[in-house]
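Colleague:
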């Protein structure tokens, strides 16, 4: 009941502010909202991650995930076997590190990740040379 009163009061004040034009010169007016996809973040951590991000901090597993994606690209575009081997070693290290950071996190599933990397590598790998 008390919440209804506060809700009505808030609605009334918002309506008055809109009529005065208080919202007419807000940044981003007329542009689509830039919504972030946080579906991979566990629901109980979303608010905390948003607060950290707004404060300029990024959770360690998200930084590792970002680095993992960069190494994936490096591996897929490796010009030679040495570079490919180094990228693969780094990828294995980051996979292990990320898996240990939050093993129960929805952000990272090592089995799914391994399957995705193998699929991506098989798509980017040049066909073997024909044997005479």
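Numbering (the numbering used here), first residue to last: 8 to 139.
Even glycine gets a Cβ: it sits at the ideal position worked out from N, Cα and C.
Rounded to whole angstroms, what's the CA-CA distance from residue 23 to residue 33? Just pull it up for me.
Modeller: So the two alpha carbons sit approximately 16 Å from each other.
Colleague: Would you report the Cα separation of residue 95 and residue 82, rounded to the nearest angstrom?
Modeller: Using only the alpha carbons, I get a separation of about 7 Å.
Colleague: I'd like the span of the alpha helix (DSSP H) that includes residue 59, first residue to last.
Modeller: That run of the alpha helix (DSSP H) goes 50–61.
Colleague: State the Cα-Cα distance for the pair residue 65 and residue 49, rounded to the nearest angstrom.
Modeller: In a straight line, the C-alpha of residue 65 is about 15 Å away from that of residue 49.
Colleague: Can you name, in chain order, every residue of its own chain whose Cβ lies under 8 Å from the Cβ of residue 74, other than the five neighbours on each side?
Modeller: So the list reads 101, once near-sequence residues are dropped.
Colleague: I need the straight-line Cα distance from residue 67 to residue 26, nearest angstrom please.
Modeller: Roughly 45 Å separates the two Cα atoms.
Colleague: Distance, Cα to Cα, residue 61 vs residue 40?
Modeller: Distance between the alpha carbons of residue 61 and residue 40 is about 16 Å.
Colleague: Using a threshold of 8 Å, state whether the C-beta atoms of residue 98 and residue 79 are closer than that.
Modeller: Yes, the pair counts as a contact, with Cβ atoms nearer than the cut-off.
Colleague: Can you tell me whether residue 56 is buried or exposed? The criterion is at least 16 other CB atoms within 10 Å of its CB, across all chains shown.
Modeller: Result: buried.
Colleague: Quick check: residue 44 and residue 53, are their CB atoms within less than 8 Å of each other?
Modeller: For residue 44 and residue 53, no; Cβs fall outside 8 Å.
Colleague: Less than 8 Å separating the beta-carbons of residue 42 and residue 72?
Modeller: Cβ distance not < 8 Å, so residue 42 and residue 72 don't count as in contact.
Colleague: Between the alpha carbons of residue 11 and residue 18, how many angstroms are there, rounded?
Modeller: Cα-Cα distance, rounded: 10 Å.
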